[in-house]
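Note sheet for the following structure.
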Ligand SMILES: Nc1ncnc2c1ncn2[C@@H]1O[C@H](COP(=O)(O)O)[C@@H](OP(=O)(O)O)[C@H]1O
Ligand SMILES: [Mg+2]
């Protein structure tokens, strides 16, 4: 095997793709008879692969991974030195080895992903993410900041003044925000249930849906890599109150977000203000 790309964006794509291949192989080998075992094995195989490659190729960088012990804890004096090291590090890889774990364990579903993002202290962006890749192995694609996808094409109806195409809103198929059905009805939007934050943000990036709204709980690794890709593409990404998404915070909880086409952001933020309070 040759060396991976030196540039961080290319390296993130390489790493996410490799983990995605390992997950695809695992799904084939294990089958779907025991979903619990498949989920656990998937988390472990992908996490171990990513951890090993990061230790080998980026030994000086810190890592925040969903599958690390204690990763969900906010930093306090009692929490171990791993957490402290990422808070003083200049570069931190934020990893979700398997996003959409539930869907990964269901035969025929392709809405699961591998997330690899890099946060840097001296980043020019407010979210601090400088590279990222989202592998969607069952969709045979990897989206990455190294070759940021083109901005999603505007439909003919949306481009027509007064054109009233229904907004397509992606949301969690298992844990949608409690207020979302009402919000959708208010703005005449159509809900598209889907698993995995990465798969939903990828659907916004490719123009399959117009927006993704989440609230009620999530962690930095659920959105870091897909938000890096979405913002590199030029899409809007923020908290649902419009404030900036922040990564590598002492508390890794990042419970809500809005990712959407720029032209929809003010309308959706106004609707969120009416419904999410
Ligand atoms: N209320 C909640 N609290 C914590 N995590 C949540 C959550 N709702 C969604 N998530 C996480 O966000 C990711 C996407 O969720 P969903 O598929 O429902 O949209 C999943 O990541 P994992 O699959 O990595 O656990 C899920 O665990
Ligand atoms: Mg996740």
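In my numbering, the protein residues as written are 407 to 683. Even glycine gets a Cβ: it sits at the ideal position worked out from N, Cα and C.
Problem set entry | Check whether residue 497 and residue 524 have beta carbons under 8 Å apart | Translated into the one-based positions of the chain shown, residue 497 becomes position 91. Translated into the one-based positions of the chain shown, residue 524 becomes position 118. Yes; because the gap between Cβ atoms is below 8 Å, this pair is in contact.
For this session: Please list, in chain order, all residues of the same chain as residue 556 whose beta carbon is under 8 Å from its beta carbon, the five residues on each side excluded.
Result: Along the chain shown, read from residue 1 onward, the residue named residue 556 stands at position 150. These residues qualify, in order along the chain: 639.
For this session: Would you give the residue range spanned by the alpha helix (DSSP H) that residue 432 belongs to?
Result: Start at 1 with the first residue of the chain shown, and residue 432 comes out as number 26. Unbroken alpha helix (DSSP H) run through residue 432: 414-436.
For this session: Please state if the CB of residue 441 and the CB of residue 473 are separated by a distance shorter than 8 Å.
Result: Position 67 of the chain shown, counting from 1, holds the residue named residue 473. Position 35 of the chain shown, counting from 1, holds the residue named residue 441. It is not a contact, given that the beta carbons lie outside the stated cut-off.
Exercise. How is residue 538 classed by DSSP in three states: helix, strand or coil?
Worked result: Here residue 538 refers to the residue found at position 132 when the chain shown is read from its first residue. Reduced to three states, the DSSP call for residue 538 is strand.
For this session: With a threshold of 7 Å, establish whether the CB of residue 628 neighbours any heavy atom of ligand 2.
Result: In the chain shown, residue 628 corresponds to position 222, counting from 1. Yes; taking the cut-off as 7 Å, the Cβ of residue 628 has a heavy atom of ligand 2 nearer than that.
Exercise. Are residue 510 and residue 606 touching if we call contact CB-CB under 8 Å?
Worked result: To locate residue 510, count along the chain shown from 1; it is residue 104. To locate residue 606, count along the chain shown from 1; it is residue 200. In this structure, residue 606 does not lie closer than 8 Å to residue 510 by Cβ.
Exercise. Just curious, the alpha helix (DSSP H) that residue 593 is in, first and last residue?
Worked result: For the purposes of this step, residue 593 is identified with residue 187 of the chain shown, where counting begins at 1. Unbroken alpha helix (DSSP H) run through residue 593: 586-593.
Exercise. Any heavy atom of ligand 2 closer than 7 Å to the CB of residue 449?
Worked result: Taking the first residue of the chain shown as position 1, residue 449 is located at position 43. No; taking the cut-off as 7 Å, the Cβ of residue 449 has no heavy atom of ligand 2 nearer than that.
Exercise. With a cut-off of 8 Å, do at least 3 Cβ pairs link the segment 449-466 to the segment 618-632?
Worked result: no
Exercise. Sorry if obvious, but does the Cβ on residue 505 come closer than 7 Å to a heavy atom of ligand 2?
Worked result: By one-based count along the chain shown, residue 505 stands at place 99. Ligand 2 has a heavy atom closer than 7 Å to the beta-carbon of residue 505.
For this session: Can you give me the start and stop residues for the beta strand (DSSP E) that residue 502 sits inside?
Result: Translated into the one-based positions of the chain shown, residue 502 becomes position 96. First-last of the beta strand (DSSP E) with residue 502: 497-505.
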